[in-house]
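J.: Numbering (the numbering used here), first residue to last: 82 to 324.
A virtual CB, placed ideally from N, CA and C, is assigned to each residue, including glycine.
Just dropping this structure here.
Written as structure tokens, this is what we have:
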């Protein structure tokens, strides 16, 4: 049976991927894997909050910045729904792969870019995702990491927009950096959260132009993650970086 992955943001053509926007997607908790572009999620949220575009739920209801009705679904209610669904996905041991962007405040609503993640003092995106504008490329420090192929394949087509605060309590307890910038910042990393795992990857510079290539390498990396998880006992082994 093919394990399906929910992809939100730039559509990635793959038979095992279900593509949708952050707002129009089915319930996150129906999946064990989520690949998300948080910046794209912010765009569609702002479009509804500011009334500049029309978006619908997976059930076909219009999404409105206000109270829902029999014909419309309230944006605030939908965002809280996403938070619950994400928590359930992680509780079941799920994997969330994020293209790394800084946290951001949505000024038209009470919501931050990463508010859909469970609250955890050990890893707070607003505090522990440090903004930066990196040049293209990254240096692999864990050659056999499941997402190493993402870095190798896309290489100069990626550039970090955040790096991790390696003093974050949750990161110190179980996180690992597998790619660094030329200056040594941790720009590719993973950590356990709420029963599941988060993986952060450097942002893709022009994803629309290389969707097929991105889809192929993401599918390859997800398969490698599953194989690695099956081959190791829980909790996951922490690979040391190459010196």
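Kindly indicate which three-state DSSP category residue 127 falls into: helix, strand or coil?
T.: As a working note, residue 127 is residue 46 in the chain shown. In the structure shown, residue 127 sits in a helix (DSSP, three-state: H, G or I).
J.: For residue 168, collect the residues of the same chain with a Cβ closer than 7 Å to its Cβ; drop the 5 residues on either side in sequence, then sort them by chain order.
T.: The count along the chain shown starts at 1 and reaches residue 168 at position 87. Excluding residues within five positions, the ones whose Cβ falls inside 7 Å are 199 and 275.
J.: With three or more beta-carbon pairs closer than 8 Å as the criterion, would you say the region 141-151 touches the region 161-177?
T.: With a cut-off of 8 Å, the region 161-177 and the region 141-151 do not count as touching, because too few Cβ pairs lie within range.
J.: Indicate the three-state DSSP secondary structure (helix, strand or coil) for residue 291 in the structure shown.
T.: Numbered from its first residue, the chain shown carries residue 291 at position 210. Helix.
J.: Give a yes or no on contact between the region 241-253 and the region 212-220, applying the rule of three or more CB pairs nearer than 8 Å.
T.: Output reads yes: the region 212-220 touches the region 241-253.
J.: Go ahead and pull the three-state DSSP assignment for residue 209.
T.: Taking the chain shown and counting its residues from 1, the one referred to as residue 209 is at position 128. It is helical.
J.: Here's the rule: buried if 16 or more other CB atoms are within 10 angstroms of the residue's CB, otherwise exposed. What is residue 96?
T.: Walking along the chain shown from the start, residue 96 turns up at place 15. Exposed, since its Cβ has fewer than 16 Cβ neighbours within 10 Å.
J.: Could you pull the start and end residues of the alpha helix (DSSP H) that residue 165 belongs to?
T.: Numbered from its first residue, the chain shown carries residue 165 at position 84. From DSSP, the alpha helix (DSSP H) with residue 165 extends over 156-172.
J.: Do the region 111-128 and the region 189-198 touch if we need at least three Cβ pairs shorter than 8 Å?
T.: They touch, by the three-pair rule.
J.: From 300, 94 and 86, pick the residue whose C-alpha is nearest to that of residue 110; which is it?
T.: Taking the first residue of the chain shown as 1, we reach residue 110 at position 29. Among 300, 94 and 86, the Cα nearest to that of residue 110 is on 86.
J.: When you compare the CB positions of residue 204 and residue 282, do they come within less than 9 Å of one another, or not?
T.: Taking the first residue of the chain shown as 1, we reach residue 204 at position 123. Taking the first residue of the chain shown as 1, we reach residue 282 at position 201. No, these two residues do not count as a Cβ contact at 9 Å.
J.: Whole angstroms is fine: what's the gap from residue 207's alpha carbon to residue 312's?
T.: Indexing the chain shown from 1 puts residue 207 at position 126. Indexing the chain shown from 1 puts residue 312 at position 231. If I take the Cα positions, the gap works out to 34 Å.
J.: State the Cα-Cα distance for the pair residue 324 and residue 104, rounded to the nearest angstrom.
T.: As a first step, residue 324 is located in the chain shown; it is residue number 243 there, counting from the start. As a first step, residue 104 is located in the chain shown; it is residue number 23 there, counting from the start. Interpretation of residue 324 is limited by its pLDDT of 49, a score under 50 that renders its predicted location unreliable; no figure is taken from the coordinates.
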